[in-house]
Amino acid sequence: MSTVIDDELWSAVGDPIRRRMLDLLLADGRGTATTLSEQLPVTRQAVAKHLGVLDRAGLVHGTASGRERIYAVDEAQFARAVAQLASVGAAWDARLRRIRTIAEAIQRTRDARPPTDPS
Amino acid sequence: MEYGSIEREIHVEASPEVVYEVVSTPEHLAAWWPDEVEMEPVPGATGMLAFGDSASPDRHVEPLTVVEADPPRRFSFRWVYDEGVTAAPGNSLLITFDLVPTDAGTLLRMTESGFREKGWEAAVLEAQYRDHASAWDYYLARLAPYVAKLVSAP
Chain A
1 MSTVIDDELW
11 SAVGDPIRRR
21 MLDLLLADGR
31 GTATTLSEQL
41 PVTRQAVAKH
51 LGVLDRAGLV
61 HGTASGRERI
71 YAVDEAQFAR
81 AVAQLASVGA
91 AWDARLRRIR
101 TIAEAIQRTR
111 DARPPTDPS
Chain B
1 MEYGSIEREI
11 HVEASPEVVY
21 EVVSTPEHLA
31 AWWPDEVEME
41 PVPGATGMLA
51 FGDSASPDRH
61 VEPLTVVEAD
71 PPRRFSFRWV
81 YDEGVTAAPG
91 NSLLITFDLV
101 PTDAGTLLRM
111 TESGFREKGW
121 EAAVLEAQYR
131 DHASAWDYYL
141 ARLAPYVAKL
151 VSAP
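Going line by line, the protein sequences match chains A and B. Sequential numbering from 1 applies to the first sequence in UniProt numbering. Sequential numbering from 1 applies to the second sequence in UniProt numbering.
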C-alpha cells in the first residue's frame, strides 16, 4: 500500500459531495453521472468530475454503456477507507485507557494522603 | 454513513478535577499521547504537540489551539492544520473532552471531529504514531537505523 494511493483514497472520501455520491451508489448498486446529478444539487459535469476522482482512487469502477459510463462502488477499496478511520478510533481507545490509568493513580495517591492534622 | 467524527468514552475512577488535569496539562498529556506538549490550557492559546524525539529526523510537530477550557467539565482544542493559519472549522480537527461526574468517578467522552476535510492527514499521523508510547512501532523506528548502522559497519 503506497502513500500516494492512500492519499488519493482519503481526499476522495474527504469531499461531502463525493461521500453523498458513494452513499447513492451503495444504496442503488450503480449509477451514471446523469442519474447521480438528478439526486444531487450539482451539475452532471461536476458529478462526472467527482466520479473521475473516485475512479482514480479506486473507490468506483465505470463500465462503458452506450454514451454513458455506469459506475459501481469497489467494495474492497471502500472497506479500506473505512478501516483507516477505524484505526484512528482504536488509537483513541488506547489513549483513553492510558488517561484512565494515570487519573486513577493520581486519585489513589490523593485519597491515601493522610488528612492534615489541625493541632 | 458518517465519516465526520470519532466518539469514544471511558469510565474513570477519579474525580472530574483529576481527569481534567490529566487531559489538559502538558505534563500529563505527554504521558498518554505525544512525546512533547507545549500548551497553556486557556481558550485561544496556541501550542504544539511533538511526536518523536527532538533529535530525530522523523520528529513531527503539529500546532494546536485551545478552544474551550472549562474545568472540570470540558476541554477542547484544534490540531492538524497548516502552520501559519488560524485553526477553524474546516481546516483542522477538533478534539473535545467532556467530563460527566458519576457516583464512582467520571465518565470521560472524547470526540474528534473534522474528518471530512482532514481525515487523511489524521489517519496517516495516527497510523504512524498511534502506538508510539506503548508498542513496537515506536521502538522499531529507533531500532531500525541502529541495526542498519550495525549491518553496514565493516
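Glycine included, C-beta positions come from ideal geometry on N, C-alpha and C.
- Query: Do the segment 26 to 34 of chain B and the segment 70 to 88 of chain B make contact, defined as three or more Cβ pairs closer than 8 Å?
  - Reply: no
- Query: What first and last residue would you give for the alpha helix (DSSP H) that runs through A:Val53?
  - Reply: Arg44 to Arg56
- Query: When you compare only the Cα positions, how much space is there between A:Ala12 and B:Ala55?
  - Reply: 35 Å
- Task: Assess, as a yes-or-no matter, whether the segment 21 to 37 of chain A is touched by the segment 60 to 70 of chain A under the definition of 3 or more beta carbon pairs within less than 8 Å.
- Result: yes
- Query: Among A:Glu104, A:Arg30, A:Thr63 and A:Leu54, which one has its Cα closest to the Cα of A:Gln77?
  - Reply: A:Leu54
- DSSP three-state call for A:Val88: helix, strand or coil? helix
- Message: Please tell me whether, using a cut-off of 7 Å, the distance from the CB of B:Ser56 to the nearest non-hydrogen atom of the ligand HEM is below it.
- Response: Summarising the ligand content, the structure contains no ligands, and the ligand HEM is consequently not present.
- For the candidate residues A:Ala103, A:Ala91 and A:Asp15, whose alpha-carbon lies nearest to that of B:Val12? A:Ala103
- Item | Residue from B:Gly52, B:Pro89, B:Pro57 and B:Phe51 whose Cα sits closest to the Cα of B:Thr65 | B:Pro89
- Query: Quick check: the segment 87 to 100 of chain A against the segment 43 to 57 of chain A, are there 3 or more CB pairs under 8 Å?
  - Reply: no
- Task: Measure the beta-carbon distance from A:Leu51 to A:Ala81 and round it to whole angstroms, keeping in mind my assumption that it falls under 8 Å.
- Result: Not confirmed; about 16 Å, so no contact.
- Taking the alpha helix (DSSP H) that B:Trp32 falls in, what are its first and last residues? Pro26 to Trp32
- Query: Taking Cβ positions only, does B:Arg78 come closer than 8 Å to chain A?
  - Reply: no
- Task: Give me the Cα-Cα distance between B:Glu9 and B:Glu112, rounded to the nearest whole angstrom.
- Result: 12 Å
- If we count the other Cβ atoms within 10 Å of its Cβ and call it buried at 16 or more, is B:Tyr129 buried or exposed? With a pLDDT of only 45 at B:Tyr129, under the threshold of 50, the placement of this residue in the model should not be trusted; the figure read from the coordinates follows. Classification of B:Tyr129: buried, given that the 10 Å Cβ count is 16 or more.
- Query: Smallest Cα separation from B:Phe97: which of B:Leu108, B:Val67, B:Pro57 and B:Gly84?
  - Reply: B:Leu108
- Query: Does A:Arg95 have its Cβ less than 8 Å from a Cβ in chain B?
  - Reply: yes
- Since B:Arg78 and B:Val67 are thought to touch, with beta carbons under 8 Å apart, how far apart are those beta carbons, to the nearest angstrom? 6 Å
- Given that a residue counts as buried once 16 or more other Cβ atoms are within 10 Å of its Cβ, and exposed if not, what is A:Thr43? exposed
- Helix or strand or just coil, what does DSSP make of B:Val23? helix
- State yes or no: is the C-beta of B:Ala69 within less than 8 Å of the C-beta of B:Val42? yes
- Task: Go to B:Arg74, then tell me how far its beta strand (DSSP E) extends in each direction, as first and last residue.
- Result: Arg74 to Trp79
- Message: I need the DSSP call for B:Ala50, collapsed to helix, strand or coil.
- Response: strand
- Per-residue contacts from A:Ala103 into chain B (C-beta, under 7 Å): Val12, Ala14, Val18, Val19 and Val22
- Message: Against chain A, with Cβ distances strictly below 8 Å, would B:Met110 count as a contact?
- Response: yes
- Message: Could you give the first and the last residue of the continuous beta strand (DSSP E) run that contains A:Arg69?
- Response: Glu68 to Val73
- Item | chain A contacts from the segment 22 to 38 of chain B (Cβ-Cβ distance under 8 Å) | Val22, Val23, His28, Ala31, Trp32 and Trp33
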